Structures are given as structure tokens and as C-alpha cells.
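Engineer: Protein chains in written order, with UniProt numbering: chain A, 1 to 644; chain B, 1 to 517. In this text, a Cβ means the ideal position worked out from N, Cα and C, and glycines have one as well. Everything numeric in this text was worked out from a predicted model, so none of it was measured. The structure is given below, and queries will be raised subsequently.
Pasting the structure below:
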């Protein structure tokens with residue numbers, strides 16, 4: 001925590017002159033409310049920088065900032081409070097110093113920390129008159145939403161993605177909460193899709209990232225797959241053998257690259273291609289011997305003729321991919337031997353080249369379109385385009401809503417979308433903030449049902465895959481009746497207790513009092529959030545292990561919420577007009593031109609919606625932190641795409 | 001550390017070509033107000049080439065209250081110099097210059113000062129000087145952007161005689177597939193495919209493009225040679241199409257149905273493009289014609305001989321086996337290359353006929369791939385707007401309750417007020433009450449000049465504007481700075497269509513409206 005600087009700078013006499021324009025326009029009464037208000041800004045990134053500047057120059061003087069991040073080069077095209085020499089330093093602290101110059105008597109406190117950590121619970125939130133989210137990820141948004149509901153503090157939620165932006169206000173009981181909006185489940189890929197049956201470039205990219213992890217990541221025989229990608233379930237015995245082979249290969253010096261190539265692009269593929277029953281409906285993959293490649297002409301059919309502009313936007317030919325693959329493999333191996341395990345990073349050029357080449361070779365083998373380095377970076381790294389202009393507009397609108405709230409005029413707050421091209425003369429789509437969704441399990445009824453096979457699903461899976469990942473709990477605690485079954489967090493537990501808990505996580509639910517028809521109370525004291533969960537045993541749902549060989553991999557289903565994923569995630573940039581159109585339930589924008597909406601899977605219109613982990617194998621990309629949409633039938637729907 | 005790394009997140013929006021154009025631009029800002037600096041901030045960050053701030057003011061206490069690019073220790077110093085230095089800190093790749101001079105003086109005494117800028121952004125420039133500047137820039141085809149942040153109201157006006165756009169990047173561009181009017185090579189390839197000999201598995205691997213072309217042809221043979229046109233016919237066709245599917249899950253057939261309405265649209269050249277082709281500049285190219293119009297003229301010849309635009313040549317991903325997909329992709333690609341080469345030779349012969357320099361092949365290629373999305377926006381000059389505004393638009397907007405047009409009128413009236421009294425209404429607290437009637441009569445005179453009923457502008461709006469006393473709120477300036485810089489980026493990169501021609505942001509109810517006045 002950075003120290004306060006509440007000492008009076010002694011320039012009060014000028015304060016009034018400096019802010020005379022504010023007093024004139026807002027009135028003295030409101031200006032004084034602003035000076036008294038205490039604001040929490042969560043996130044000091046693109047929107048956060050704008051917010052802090054706007055707050056300080058709008059007369060706010062009591063501000064706290066929380067951000068976990070440090071400053072990166074790619075931030076500097078928009079996060080204007082930071083300079084090159086700040087790279088690697090705490091965003092919140094540098095942001096504080098930067099804005100303090102404009103009002104040295106302001107009381108700004110900077111925290112370099114995780115909003116989900118224990119020091120920032122509901123008690124901490126209660127001291128604020130208003131919280132502003134300037135976050136870039138969903139789970140933190142859901143967390144802050146719950147804490148604000150608990151502390152009954154109004155929250156301004158916002159997000160931008162490229163030219164698009166949106167904001168809204170959340171106030172307990174008066175407006176919908178962040179999780180009132182049903183969404184699709186985040187995109188997950190079944191193991192079989194990634195391992196044996198890819199049908200889109202993204203499947204090959206995910207595979208290549210996993211291959212990177214297997215070759216150069218932390219060696220972990222027992223659980224070699226899950227630690228590389230959260231969404232991929234554990235491997236089978238056979239796959240673990242492959243992992244062992246590959247890791248052993250790292251030891252071999254001679255012909256290492258050739259060996260790996262042969263293993264993953266010939267032997268494995270050849271074995272797959274022989275499984276005749278898999279290739280009844282589609283063409284089998286074509287194993288490629290390294291020796292054959294030299295004789296081939298470079299095949300560049302996948303190269304689009306209109307992408308000559310950027311060297312990174314060029315799609316490499318097959319031979320080029322093989323060359324890069326072997327080259328980066330050798331380089332990465334050297335690094336691995338020197339520095340130990342590597343973790344994949346989209347900004348690490350060598351690691352990126354590896355994934356580009358490996359995924360393209362695999363795409364080629366499976367007859368899938370190959371992608372440019374630029375595109376692969378975007379898909380593999382979940383990159384969201386970001387520019388200063390959009391953040392400036394959204395930052396300004398947020399502070400306008402904030403001033404309304406401070407003035408006690410919640411009714412004047414609006415939900416606003418910024419779109420990239422004015423549509424029918426409008427650039428901002430303004431609507432009333434919807435009322436709470438009576439079915440919302442977070443702010444309204446606190447009850448959901450989970451269907452699963454209690455004889456196969458383990459406690460650990462319930463905790464980590466369902467409660468944490470799908471229902472956004474940070475530190476879930478489970479009780480049945482008065483008995484405590486499970487406690488999260490390590491701080492209050494002894495080593496013994498932690499060991500006991502680890503053992504417990506391996507038990508199946510039915511063997512630990514969580515059988516059919518049991519009602520579990522799940523509580524998160526950090527979020528001050530409690531929900532009752534009815535466990536419903538479904539015999540036909542297996543475990544992930546059992547199911548991954550089958551065509552559909554559903555192993556649990558959550559009933560009573562559709563919020564397993566992402567409000568504030570967005571559709572791809574180009575379909576924003578659809579958002580506008582789909583918004584026709586809102587009065588203010590009823591005269592937008594109607595464009596045929598892009599097809600999406602239908603969302604149930606009933607208040608009880610369902611989300612599952614079923615995967616459809618369609619290619620998707622993730623865009624975080626931006627607008628959602630409302631379907632024309634009035635049911636809320638987020639059309640977002642995601643890869644993880 | 002490279003620029004491409006620093007600019008990574010924006011290159012994903014406008015590409016290296018857009019970035020290169022941005023880096024070539026030199027923006028001139030008249031008056032380093034909060035609105036001015038916030039706008040420049042959003043341009044310096046993504047890396048324009050250079051900026052120049054012209055301002056004769058000294059940093060005042062009121063600047064400290066709303067302008068992020070001044071500091072307390074700079075009180076009394078040249079505002080041009082101070083904001084220039086602080087803006088430069090944002091990006092060491094951008095050159096910044098300051099000119100300690102009254103912009104009005106430069107306009108009246110040294111107007112050629114402005115001739116080398118890529119764009120001039122003016123704010124708080126009195127009406128007569130602004131009209132002079134506008135006329136000069138208009139003559140030199142330099143874009144002028146006028147901005148104002150006035151209390152809760154934001155204003156933006158763009159003016160340039162002609163703004164050409166090759167990449168207008170529409171929201172939902174359609175693929176250029178020509179299914180309804182297949183070109184020869186595509187038609188021949190389709191005919192070669194025998195569906196009857198295929199087993200059901202093979203049938204599900206045929207790209208839907210072939211299926212559509214085949215079944216439309218079959219449909220035509222039983223419908224007087226006509227493709228499905230009415231809604232009923234299309235429904236009928238859908239059933240017919242699906243009846244050919246080997247099983248209900250066939251993804252290629254499903255894709256066909258998804259795209260059916262789009263591909264059944266009769267091929268036509270959009271009215272916007274048609275207008276361009278009929279433009280005097282396309283019909284009669286001269287040695288004065290620029291590259292854009294020479295290419296439009298060549299395009300006109302292409303369309304005259306083929307009836308269609310050059311094929312873009314891209315085939316989107318679709319369900320198919322690899323072989324047929326690559327084969328189909330090749331057909332489109334080769335046709336795209338053939339059309340490009342024909343178009344290029346049309347351009348070449350026109351260029352040599354006019355005795356002009358060769359146009360770079362990259363530019364010709366980009367143009368050829370984007371012919372469906374070309375756009376030209378022509379703006380009125382300020383003088384023209386002030387003399388002959390689009391009164392029917394003004395009146396119809398004013399007739400709607402609570403319409404933002406009223407603020408356009410109020411801001412125009414305030415300019416007139418300033419011309420008369422050399423101060424803004426309500427600028428001095430003690431004159432708020434006495435200034436209101438003066439602003440009212442300025443407003444009524446303005447409305448009368450254009451034969452608009454003065455009842456359409458209610459006094460309450462004028463009272464509100466007088467209350468603001470021309471003050472500038474940082475937050476509104478920051479927001480407007482975001483919008484204005486976005487439009488400037490559109491103008492500089494020639495990507496996307498900039499707004500035409502006036503934009504009002506209303507901070508009272510957070511609405512924004514675009515008007516063509």
C-alpha cells in the first residue's frame with residue numbers, strides 16, 4: 001500500500017478558482033458531494049487511466065485504486081499515465097503518482113494486489129460511496145459484483161474491445177446485477193477434438209500450445225495434460241505414455257527435432273488414420289514424413305491473395321512451417337536446458353513461432369485452413385484489440401454516471417453502448433438499466449440445481465471445475481445441515497488439514513455425503529455470497545474420463561442459472577450491428593436498421609436456463625471485456641466467443 | 001522492444017497500412033484547451049507523425065482545473081509550449097511543435113502557414129476567422145475538424161471537399177461468391193461435379209457453393225429460367241434444396257440454408273458504387289485526376305464490359321473435404337487474379353493515355369479487392385453551411401421534442417454573440433441574467449436569417465447555455481476528445497466512413513446525434 005498524502009497542500013485559495021467552472025456547472029451542493037465522495041477504482045489499465053484522470057479533474061479527491069498488474073510495453077499505446085521507464089512497475093502505484101500531480105492534496109491510495117484477496121472483502125468495500133470496475137477479465141467482474149451486492153455499494157461496470165465499448169450501473173435491488181444476464185457457457189474443447197479430431201484452426205492452436213507445455217513445461221507425468229490447459233481433462237494411460245516419450249526425447253540430443261516431428265506428425269497421425277471407424281464421415285488425416293517434404297513444392301494454396309501487407313499477416317507455406325518448427329524446437333530446447341521449464345507466452349516470439357508452425361502443420365495434415373502468425377497470436381493469446389479513443393469515450397461516460405449516483409440520481413443513469421460506425425445517426429445506444437432478473441441466482445433467489453453422476457464425480461471436480469470455474473466462487477465453503485464438509489484457502493489450515501482436504505478431493509461425491517437430493521450450502525465469505533445447491537444424481541452422466549471417448553462429453557449440468565460464463569463478453573467486432581438490432585426491445589433505439597442477425601444457438605426464453613459443458617466443436621475466439629447483447633425475443637443473450 | 005509490439009493492440013484494428021498513414025500525418029491544433037489536448041492525447045498515443053499546437057494563451061488557474069496537460073508549476077507560461085511538451089512525453093516517436101501565436105492572427109495574416117498540415121483541428125475560434133480558415137483549407141483539400149466542449153454539450157464538425165475511402169470496412173460484409181451469377185470457370189467446375197454418383201458420405205463433403213449453383217440451375221429449369229425471388233419461392237426452394245440432403249445433419253447442406261437468403265439476392269452493383277461510376281470524375285478523367293479517380297474510371301470500363309465488379313477472389317471457410325475445398329478456393333483465387341490483371345491493364349492504359357505516373361501495383365490491388373466498399377464523402381465548407389444550411393433537416397429535427405439540434409442552433413448563436421460582444425454569454429457571473437436576452441435575440445436573428453420559426457428553440461435551452469458561461473468540463477472534453485480523435489483517425493487512415501458532417505453530444509442525457517446540415 002502506498003502512503004496517503006492527505007496533507008493539505010495549502011493551495012485551497014486556488015482550489016475554488018481552479019474548480020470554479022465545476023462549481024458553476026454542477027452547482028456548489030453537488031461539487032461538495034463530489035469532494036466528500038469516496039471512490040474505489042478496480043483496475044488501472046486502459047479505462048482505469050482515463051477514470052483516474054477524469055475523477056481528479058472532476059473534483060473527486062478520495063480515491064483508492066487496486067490493480068494486480070505491472071506495466072507492459074503493449075500497454076503504452078493507450079495507458080497514458082505510464083512511460084517506457086515504468087515497464088515492470090506496479091500499475092496502481094504509478095497511476096497514483098501520475099494523477100496526484102494534478103491535485104497534490106487529493107487522498108489517493110494505491111494497492112498493488114488482487115481484488116480477490118482477503119483484505120478486500122465486503123467490509124473494505126463498505127467504506128466507499130461508489131465502485132468503478134475497469135477490469136479485463138470475467139471472474140474478477142463476477143467477484144466484484146458479488147462483493148458490491150453484499151456491501152450494498154453501487155457499481156459502475158464497463159468494458160471496451162477495439163472500437164466497441166459499454167457501461168452500466170449495478171445497484172442492489174434497483175438494477176440487474178452483473179450475473180442477471182444469462183450467457184452461454186465458455187467455450188471448451190473436448191479432449192478428443194483436440195487430440196484426434198480437430199476441425200478448425202483453433203483446435204490445432206490449442207493442441208500446439210499443449211505440445212509446447214508437454215515439451216518444455218513443468219514435467220508432470222501423473223497429470224500431464226491438465227496443467228497445460230485448464231479446459232482439457234486428464235489424459236489416458238496411452239496419452240501419458242506419449243508425454244513420457246516426448247519428455248524423454250528432450251534428453252536425446254541427436255536428431256531431436258526430427259524425432260519430435262516424426263512422433264507427432266507421422267507416428268501419431270498414422271495411428272489415428274488407421275482408426276477406420278473415426279473416418280467414416282470425413283477424410284482421414286495424412287501423416288507426413290519429413291523425408292518427403294523436401295521433394296514437394298511449397299504448397300501455398302491457403303495463402304489469401306489479399307494479405308500481402310504485413311509480414312506477420314502472411315500465411316506460411318507448408319515447408320516454411322516445417323522449417324520454423326524445427327528451428328524453434330531446437331532453440332526452445334536450448335533454453336529449456338539452460339533455464340528449466342518454460343511457460344507459454346504470446347509475447348515470446350520463439351514460443352509464438354513454435355505454436356504457429358506446429359498448429360499449421362497439424363492443420364495441414366487434417367485439411368484445415370492454415371493461419372498467419374498475426375492471427376495465431378490473436379487466437380492463442382486471447383488478444384483483444386484496444387485503443388485510446390474508445391477508452392476515452394467510455395471513461396467519460398462512466399464519470400458522468402458516477403456523478404449522477406453521487407448526486408442521488410440513480411434513475412438518470414443509463415446503460416450505454418458505443419458502436420464503431422454511427423448507425424442511423426447514432427453512435428451511442430442509450431437505454432434504461434434493466435431491473436433485476438427475478439431468476440438470478442446471485443442477486444435474487446440463491447438457489448440452483450446441479451445434475452451429475454454422484455458415483456463418479458469427485459469432490460475436487462465439484463469444487464474446482466464447477467464451483468470455482470463455472471460459478472465464480474473464489475473460496476467456496478461447503479456445509480450440509482450444520483456439518484462443515486469442505487473449506488477453501490490455506491491460511492487458516494494446518495498442513496495436516498490441507499493434506500486431509502487433498503485426500504478428500506479424490507473421493508466421489510456419494511461417498512462423502514453428497515449423494516442424490518442433498519442440499520448443499522455453498523458459502524464464500526470473501527464474496528459474502530451464499531447459495532443453496534441441490535445435487536441431482538444422473539446415472540447417464542459419467543466422468544470426464546469416461547465421456548471423452550463418446551461423442552458428447554457432458555458430465556454435469558447446472559439448472560437455475562445461465563450465468564456460467566460471461567456477461568460483458570462480446571460478439572466479434574463485425575457483428576456489432578446485430579447487437580444494435582437485437583436491442584430492439586429498448587425504446588430509445590427502436591429505429592435502427594434491421595440487419596439479419598447472425599445465427600446463434602437459441603437460448604431458452606424461460607427464466608430457468610441451463611448451461612452445460614457440452615462442446616459443439618465450432619471454432620470460436622475469445623473476446624474479453626466488452627458488450628453483450630439482448631436478443632430480439634427479449635431474452636438476454638450474450639453472443640460471445642471464447643477459446644479457453 | 002519494437003513499435004509493432006507497442007502498437008500491437010491497434011494494428012489489429014487498422015493494420016500496418018493504416019498505421020503507416022497515421023505516422024505520415026501532421027495534425028495542427030488551434031488552442032490547447034482541454035478538448036484540444038485530450039484529442040491530441042488519443043492521437044499521439046497511437047503514433048501520428050507530428051503535431052503542432054498554435055496558442056497565444058498563458059497557462060491560467062482555470063487550465064489547471066480542467067486540462068491534464070498543464071502543471072501547476074507552469075502557471076503563466078505559454079500554453080502552447082507547455083501542452084506540447086507534456087503531450088510529447090506520451091510517445092517519443094511523435095514530433096511535437098508549439099507556436100506561440102494567436103491562431104486568428106495567423107489566419108488573417110499568414111494563412112499559408114496551414115498549407116502543409118494533414119489536418120487542422122480548431123476549437124474556440126471566432127466565426128469569421130473560422131470561415132476564412134475553412135475556405136483556405138477547403139481549397140487545398142485539407143480536412144478541417146471543428147470541436148467545442150461547452151458546459152455539458154459537445155460539438156464536432158468535419159469539413160473537406162472530398163474524402164476518398166478504399167477500405168470502408170462495413171459491419172457485415174458479404175462474401176463475394178457469385179453463386180446466383182457464377183462466372184464461367186465456376187459454372188464449368190460445378191457442371192463437372194456429378195452428384196448422382198456420390199454415396200451419402202461423399203455428398204456431405206461437397207462444398208455448399210457447388211450444391212447451391214447446381215440446385216438453383218435445376219430449379220430454374222422448371223421455373224421458366226427464373227431463380228427463386230419471392231418469399232414463397234424461397235421457402236419452396238429451401239424445401240427443394242433440403243430434399244437433396246442425404247441426412248438431416250449434413251453440415252454442408254445446413255451451411256447452404258444458413259447462407260441461402262444472401263446468395264439468392266440478385267447480383268447488383270450497390271447504388272453507392274453506381275453513383276461513383278457515374279460521377280463526372282469517373283466519366284471524364286483528365287491529367288489532373290488523382291489515382292483514386294483514375295482507378296474508378298478504369299473500374300467503369302471493367303463494369304461496362306463485364307456487367308460485374310472484379311471478383312474479390314476470397315473463399316471463406318466452409319464444410320468440405322480438403323480436396324474439393326482447395327479446388328474451389330483455387331477457382332476463386334484464379335478468377336480474382338485474372339480480374340485483377342485485367343483491371344490493372346485498364347488502369348495502366350488509362351494512366352498512359354493521360355500521361356500520368358504509374359499507380360503502385362499494391363494500391364491497384366487493394367482498390368481492386370475492395371471495389372464493393374469504395375466510398376467518397378463530400379462535405380460542405382463552413383461558409384456554405386452558414387449561408388445555405390440544410391434547413392429542412394434543421395426544422396424537422398427541431399420539431400421533435402428534446403432534440404439535440406437545438407444545441408447546434410444555440411452554439412451557432414453563441415458564435416454570433418461572440419462576434420458582436422467579444423465575450424461568451426454568461427462568461428462573467430454578474431452578466432448571466434443580462435446576457436440571456438442578448439443570446440435570445442442572437443438566436444432569433446440566426447433563425448430568421450434561414451426562415452426558421454423562432455418558436456422551435458425554447459428559451460430554457462438558451463438559459464442553460466448561458467449558465468455554462470463557456471466553461472469547459474474536463475470529463476466532457478475527455479469524452480469528446482475520444483470521439484473527435486476517432487474521427488480524425490478515420491480521416492487519416494482512410495479506413496471506415498467518417499461522420500458527415502455535424503455531431504452533437506448531450507451530456508445531460510448522454511445522447512449523441514449526427515446531422516448532415
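Determine the chain B residues that contact residue 96 of chain A at a beta-carbon separation under 7 Å, and present them in chain order.
Structural biologist: Within 7 Å Cβ-Cβ: nothing; residue 96 of chain A doesn't reach chain B, min ~15 Å.
Engineer: Please list, in chain order, the chain A residues whose beta carbon lies closer than 7 Å to that of residue 471 of chain B.
Structural biologist: Listed by position along chain A, the residues whose Cβ is nearer than 7 Å to that of residue 471 of chain B are 21, 24, 25.
Engineer: Listing by chain order, which chain B residues have their CB less than 8 Å from the CB of residue 389 of chain A?
Structural biologist: 42, 482, 483, 485, 486, 489
Engineer: Is residue 271 of chain A near residue 365 of chain A, with beta carbons less than 8 Å apart?
Structural biologist: no
Engineer: Given that residue 427 of chain A touches chain B, what residues does it touch there, using C-beta distances under 8 Å?
Structural biologist: Under a criterion of Cβ atoms nearer than 8 Å, the residues of chain B adjacent to residue 427 of chain A are, in order, 483, 499, 503, 512, 514.
Engineer: Would residue 500 of chain A pass as an interface residue toward chain B - the criterion being a Cβ-Cβ separation below 8 Å?
Structural biologist: For residue 500 of chain A, the answer is no, since every Cβ of chain B falls outside 8 Å of its Cβ.
Engineer: Closer than 8 Å, CB to CB, is residue 367 of chain A near chain B or not?
Structural biologist: yes
Engineer: Residues of chain A with CB under 7 Å from residue 479 of chain B, in chain order?
Structural biologist: 392, 393, 396, 397
Engineer: At 7 Å on the CB atoms, spell out the chain B contacts of residue 481 of chain A, in chain order.
Structural biologist: Going along chain B, no residue has its Cβ under 7 Å from residue 481 of chain A, so there is no contact; the nearest lies around 48 Å.
Engineer: Identify, in the order they occur along the chain, each residue of the same chain with its Cβ nearer than 6 Å to the Cβ of residue 393 of chain A, setting aside the five sequence neighbours on each side.
Structural biologist: 418
Engineer: Using a Cβ-Cβ distance under 8 Å, would residue 45 of chain A count as near chain B?
Structural biologist: no
Engineer: Can you tell which of A/323, A/202, A/197 has its C-alpha closest to the C-alpha of residue 268 of chain A?
Structural biologist: A/197
Engineer: Fully enclosed by the stretch 33-100 of chain A, which alpha helix (DSSP H) runs are 4 residues long or longer?
Structural biologist: Counting only unbroken stretches of 4 or more residues, the alpha helix (DSSP H) elements lying wholly within the stretch 33-100 of chain A are 46-57, 91-100, in sequence order.
Engineer: Any idea if residue 260 of chain A is buried or exposed, counting beta-carbon neighbours within 10 angstroms, 16 or more meaning buried?
Structural biologist: Buried, by the Cβ-count rule.
Engineer: Applying the criterion that 16 or more other CB atoms from any shown protein chain within 10 Å of the CB defines a buried residue, is residue 284 of chain B buried or exposed?
Structural biologist: exposed
Engineer: In whole angstroms, what is the alpha-carbon distance linking residue 279 of chain A and residue 321 of chain B?
Structural biologist: Straight-line Cα distance between these residues: approximately 12 Å.
Engineer: Grab the span of the alpha helix (DSSP H) containing residue 204 of chain A for me, first residue to last.
Structural biologist: 201-216
Engineer: Establish whether the CB of residue 430 of chain A and some CB of chain B are separated by less than 8 Å.
Structural biologist: yes
Engineer: By Cβ distance below 7 Å, which residues in the same chain neighbour residue 617 of chain A in space, the five residues on each side in sequence not counted?
Structural biologist: Any answer about residue 617 of chain A is weak, because its pLDDT of 29 lies below 50 and its placement is not dependable; what the coordinates show is given next. The answer, listed in chain order, is 193, 199.
Engineer: Sort B/477, B/517, B/444, B/512 by Cα distance to residue 388 of chain B and report the nearest one.
Structural biologist: Of the residues B/477, B/517, B/444, B/512, the one whose Cα lies closest to the Cα of residue 388 of chain B is B/517.
Engineer: Say yes only if the C-beta of residue 386 of chain B is nearer than 7 Å to one or more non-hydrogen atoms of the ligand MG, and no if none qualify.
Structural biologist: Although the ligand MG was asked about, the structure shown includes no ligands whatsoever.
Engineer: In chain order, what residues of the same chain have a beta carbon less than 6 Å from the beta carbon of residue 528 of chain A, not counting five sequence neighbours either side?
Structural biologist: Once the five neighbours on either side are set aside, the close Cβ partners of residue 528 of chain A are 122, 150.
Engineer: Run the CB neighbour count on residue 7 of chain B, radius 10 Å, all protein chains shown included, and call it buried at 16 or more, exposed below.
Structural biologist: Burial of residue 7 of chain B is indicated by the presence of at least 16 other C-beta atoms within 10 angstroms of its C-beta.
Engineer: Going along the chain, which residues of its own chain have a beta-carbon closer than 8 Å to the beta-carbon of residue 497 of chain B, five neighbours each way excluded?
Structural biologist: These residues qualify, in order along the chain: 165, 168, 375, 377, 490.
Engineer: Using a C-beta to C-beta distance shorter than 7 Å, which residues of chain A count as neighbours of residue 76 of chain B?
Structural biologist: Within 7 Å Cβ-Cβ: nothing; residue 76 of chain B doesn't reach chain A, min ~13 Å.
Engineer: Relative to the C-alpha of residue 173 of chain A, which residue among A/142, A/109, A/154 is closest?
Structural biologist: A/154
Engineer: Just curious, the alpha helix (DSSP H) that residue 158 of chain A is in, first and last residue?
Structural biologist: From DSSP, residue 158 of chain A is part of no alpha helix (DSSP H) but of the beta strand (DSSP E) over 155-161.
Engineer: Assuming residue 509 of chain A and residue 535 of chain A make a contact with CB atoms under 8 Å, what is their CB distance in whole Å?
Structural biologist: Yes, residue 509 of chain A and residue 535 of chain A are in contact; Cβ-Cβ is about 7 Å, under 8 Å.
Engineer: Distance check for residue 311 of chain B and residue 337 of chain B, CA to CA, integer angstroms please.
Structural biologist: The straight-line gap from Cα to Cα measures roughly 8 Å.
Engineer: Any beta-carbon of chain A closer than 8 Å to the one on residue 68 of chain B?
Structural biologist: yes
Engineer: Is residue 358 of chain A near residue 318 of chain A, with beta carbons less than 8 Å apart?
Structural biologist: no
Engineer: On a CA-only basis, which of B/263, B/76, B/84, B/10 is nearest residue 41 of chain B? Give me that one, please.
Structural biologist: B/84
Engineer: Span of the beta strand (DSSP E) holding residue 557 of chain A?
Structural biologist: 556-559
Engineer: Name, in chain order, the residues that DSSP records as bridge partners for residue 98 of chain B.
Structural biologist: B/53
Engineer: Given that a residue counts as buried once 16 or more other Cβ atoms are within 10 Å of its Cβ, and exposed if not, what is residue 387 of chain A?
Structural biologist: By the 10 Å Cβ count, residue 387 of chain A comes out buried.
Engineer: Determine, for residue 297 of chain A, whether the minimum Cβ-Cβ distance to residues of chain B falls below 8 Å.
Structural biologist: Residue placement at residue 297 of chain A is flagged as unreliable, the pLDDT there being 47, under the threshold of 50; the coordinate-derived value follows with that caveat. It does not; no Cβ of chain B falls within 8 Å.
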